[in-house]
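Chemist: Sequential numbering of the sequence shown, starting at 272, is according to my numbering. Just so you know, even glycine gets a beta-carbon here, dropped at the ideal spot from N, CA and C. After the structure tokens below, expect a handful of questions from me.
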Amino acid sequence: MRPPPGRTPSHAHGPAARSSGAGRRSGRPHRRRPGRPAPSDRPARPRDRRRSPEPRAFCASEPTPFLPLSAVACREHTGFRSPRGALARGDLPSRRAAWYLRPVFDPRGKLIGVLHLPPLPGAPRPWPPMPVLLEAVARDARLLAEGGIDAVLVENFGDAPFEKGPVAPHTVACMTACVLAARQACGLPVGVNVLRNDAAAALGIAVAASAEFIRVNVHVGVRVTDQGLIEGAADRSLRLRAALAWTVAILADVDVKHSGPLSPRPIDDEAVETAERGLADGLIITGPSTGAPMDRAAALAVKRRVRCPVLAGSGVTTETVAATLGLVDGVIVGSDLCAGGQAGAPLERGRIEAFVRAARGAS
Numbered sequence: 272m273r274p275p276p277g278r279t280p281s282h283a284h285g286p287a288a289r290s291s292g293a294g295r296r297s298g299r300p301h302r303r304r305p306g307r308p309a310p311s312d313r314p315a316r317p318r319d320r321r322r323s324p325e326p327r328a329f330c331a332s333e334p335t336p337f338l339p340l341s342a343v344a345c346r347e348h349t350g351f352r353s354p355r356g357a358l359a360r361g362d363l364p365s366r367r368a369a370w371y372l373r374p375v376f377d378p379r380g381k382l383i384g385v386l387h388l389p390p391l392p393g394a395p396r397p398w399p400p401m402p403v404l405l406e407a408v409a410r411d412a413r414l415l416a417e418g419g420i421d422a423v424l425v426e427n428f429g430d431a432p433f434e435k436g437p438v439a440p441h442t443v444a445c446m447t448a449c450v451l452a453a454r455q456a457c458g459l460p461v462g463v464n465v466l467r468n469d470a471a472a473a474l475g476i477a478v479a480a481s482a483e484f485i486r487v488n489v490h491v492g493v494r495v496t497d498q499g500l501i502e503g504a505a506d507r508s509l510r511l512r513a514a515l516a517w518t519v520a521i522l523a524d525v526d527v528k529h530s531g532p533l534s535p536r537p538i539d540d541e542a543v544e545t546a547e548r549g550l551a552d553g554l555i556i557t558g559p560s561t562g563a564p565m566d567r568a569a570a571l572a573v574k575r576r577v578r579c580p581v582l583a584g585s586g587v588t589t590e591t592v593a594a595t596l597g598l599v600d601g602v603i604v605g606s607d608l609c610a611g612g613q614a615g616a617p618l619e620r621g622r623i624e625a626f627v628r629a630a631r632g633a634s
């Protein structure tokens with residue numbers, strides 16, 4: 272059957288059909304938007320717009336929708352690339368560390384002060400009421416910031432003897448409140464260390480309190496400790512960080528204090544395993560116990576083998592900080608800032624300022 276004059280069949284194709292409004296319900300001509308050129312004047316579009324000539328990578332000036340909002344500040348760093356892209360390209364750990372640790376080491380960050388918490392609720396020893404505890408945490412955090420410390424590491428030092436496995440939920444809740452109080456009081460980058468080795472809890476606290484880094488005592492391998500055999504869980508820690516927050520850095524101990532290996536092994540080999548296979552963003556070298564200095568030869572051996580930041584994690588004093596900073600990239604100091612140089616004692620402003628002066632004179 273032939274269509275009536277002036278009408279086009281509904282199955283017609285081509286420019287004539289489109290211009291005449293073929294297939295439309297009303298049969299009226301197609302109405303273009305005002306100001307738009309005619310179809311014949313517009314440039315031809317590619318047939319398959321889903322394909323791109325070549326893949327595009329995110330860069331510092333472009334939005335990164337898969338990153339938390341707290342990572343926006345990292346775009347100012349000219350070397351920034353998304354961590355997932357860095358992993359896909361097989362970049363070395365130093366590239367990730369430069370991005371993760373930027374809030375800690377930029378512009379001059381070398382000094383991380385430890386805030387030793389007293390016993391928390393549920394610990395074997397008596398603990399203070401939470402309002403009193405939070406007030407003390409805020410006061411100590413302000414003291415560290417006013418003294419010139421670059422970052423604060425909060426750890427449940429008073430909970431000894433520590434649990435071998437995951438800590439109790441109330442410990443996580445109390446530490447989260449303490450980290451929030453410290454962060455609001457000092458305005459510095461804040462880290463979390465959940466003793467003895469609960470990296471999952473530390474990551475959860477860091478996400479809830481917007482902390483910048485965590486410390487993991489046993490990240491890879493197995494260590495003999497006073498709690499028994501503790502195994503590293505780098506696989507679970509890295510996957511949990513990928514699910515929660517890419518912006519939290521992981522500082523991992525190598526040959527951590529108060530522990531021993533199942534079999535002797537060169538410390539630089541352990542460092543390479545921790546950095547390259549455990550994907551730690553920074554390494555910590557300690558002495559055999561709290562307050563004991565690290566071995567200088569061990570620090571030099573580690574620095575020669577790895578490309579990520581290396582920090583001294585114990586035994587750094589006002590007298591030795593200058594020489595220590597000549598070997599490593601930063602220090603974690605706790606005992607020397609406390610009264611009498613005893614870990615867990617109250618912080619003293621004079622000791623903090625003297626330590627910072629000695630460190631700044633070396634840099």
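Count the other CB atoms, across all protein chains shown, that sit within 10 Å of the CB of residue 535; report buried if there are 16 or more and exposed otherwise.
Modeler: Residue numbering aside, residue 535 sits at position 264 when the sequence shown is read from its first letter. Under this definition residue 535 is an exposed residue.
Chemist: When you compare only the Cα positions, how much space is there between residue 622 and residue 533?
Modeler: If you number the sequence shown from 1, residue 622 lands on position 351. If you number the sequence shown from 1, residue 533 lands on position 262. Going by the C-alpha atoms only, they are around 38 Å apart.
Chemist: So, helix, strand or coil for residue 579, using DSSP?
Modeler: Residue numbering aside, residue 579 sits at position 308 when the sequence shown is read from its first letter. Looking at residue 579 - three-state DSSP - the assignment turns out to be coil, as it is neither helix nor strand.
Chemist: Does the beta carbon of residue 576 fall short of 7 Å from some heavy atom of the ligand FMN?
Modeler: Within the structure as shown, the ligand FMN is missing, as the structure has no ligands at all.
Chemist: Hey, residue 450 and residue 425: beta-carbon distance below 8 Å or not?
Modeler: Numbered from its first residue, the sequence shown carries residue 450 at position 179. Numbered from its first residue, the sequence shown carries residue 425 at position 154. Taking 8 Å as the Cβ cut-off, residue 450 and residue 425 qualify as a contacting pair.
Chemist: In the structure shown, what three-state DSSP assignment does residue 431 receive?
Modeler: Here residue 431 refers to the residue found at position 160 when the sequence shown is read from its first residue. Coil at residue 431, not helix or strand.
Chemist: Which one or two residues does DSSP pair with residue 387 in a beta bridge?
Modeler: Taking the sequence shown and counting its residues from 1, the one referred to as residue 387 is at position 116. Per DSSP, 426.
Chemist: With three or more C-beta pairs closer than 8 Å as the rule, is the stretch 558-570 touching the stretch 509-523?
Modeler: Flag = no, the stretch 509-523 and the stretch 558-570 do not touch.
Chemist: Report the CB separation of residue 470 from residue 504 in whole angstroms; it is logged as a contact under 8 Å.
Modeler: For the purposes of this step, residue 470 is taken as the residue at position 199 of the sequence shown. For the purposes of this step, residue 504 is taken as the residue at position 233 of the sequence shown. That pair is a contact at about 7 Å.
Chemist: Verify whether the separation of the beta carbon atoms of residue 625 and residue 602 is less than 8 Å.
Modeler: On the sequence shown, residue 625 is found 354 positions in, with the first residue counted as 1. On the sequence shown, residue 602 is found 331 positions in, with the first residue counted as 1. Result no, Cβ atoms of residue 625 and residue 602 do not sit closer than 8 Å.
Chemist: So does the stretch 523-532 actually touch the stretch 486-500, counting three or more Cβ pairs closer than 8 Å?
Modeler: Taking 8 Å as the limit for Cβ pairs, the verdict is that the stretch 486-500 does touch the stretch 523-532.
Chemist: Classify residue 402 as helix, strand or coil using the three-state DSSP reduction.
Modeler: Along the sequence shown, read from residue 1 onward, the residue named residue 402 stands at position 131. Residue 402: helix per DSSP, three-state reduction.
Chemist: Could you say if the stretch 390-408 and the stretch 585-603 meet the contact criterion of at least three C-beta pairs nearer than 8 Å?
Modeler: With the cut-off at 8 Å, the stretch 390-408 and the stretch 585-603 do not touch.
Chemist: Using the rule of at least 16 other Cβ atoms within 10 Å of the residue's Cβ for burial, across every protein chain shown, is residue 560 buried or exposed?
Modeler: By one-based count along the sequence shown, residue 560 stands at place 289. It is exposed - the Cβ of residue 560 has fewer than 16 other Cβ atoms within 10 Å.
Chemist: In terms of alpha-carbon separation, which member of 383, 442, 548, 513 lies closest to residue 401?
Modeler: Residue 401 sits at position 130 when you count from the first residue of the sequence shown. It is 442.
Chemist: I'd like to check one pair, residue 614 with residue 387: are the Cβ atoms closer than 8 Å?
Modeler: Mapped onto the sequence shown, residue 387 falls at position 116. Mapped onto the sequence shown, residue 614 falls at position 343. The answer is yes: Cβ separation under 8 Å.
Chemist: Can you grab the Cα-Cα spacing for the pair residue 422 / residue 382, in whole Å?
Modeler: Reading the sequence shown from its first residue, position 151 is the one you call residue 422. Reading the sequence shown from its first residue, position 111 is the one you call residue 382. The straight-line gap from Cα to Cα measures roughly 7 Å.
Chemist: From this set, 606, 418, 427, which residue's C-alpha is nearest residue 398's C-alpha?
Modeler: Position 127 of the sequence shown, counted from the first residue, corresponds to residue 398. For the residues 606, 418, 427, the minimum Cα distance to residue 398 belongs to 427.
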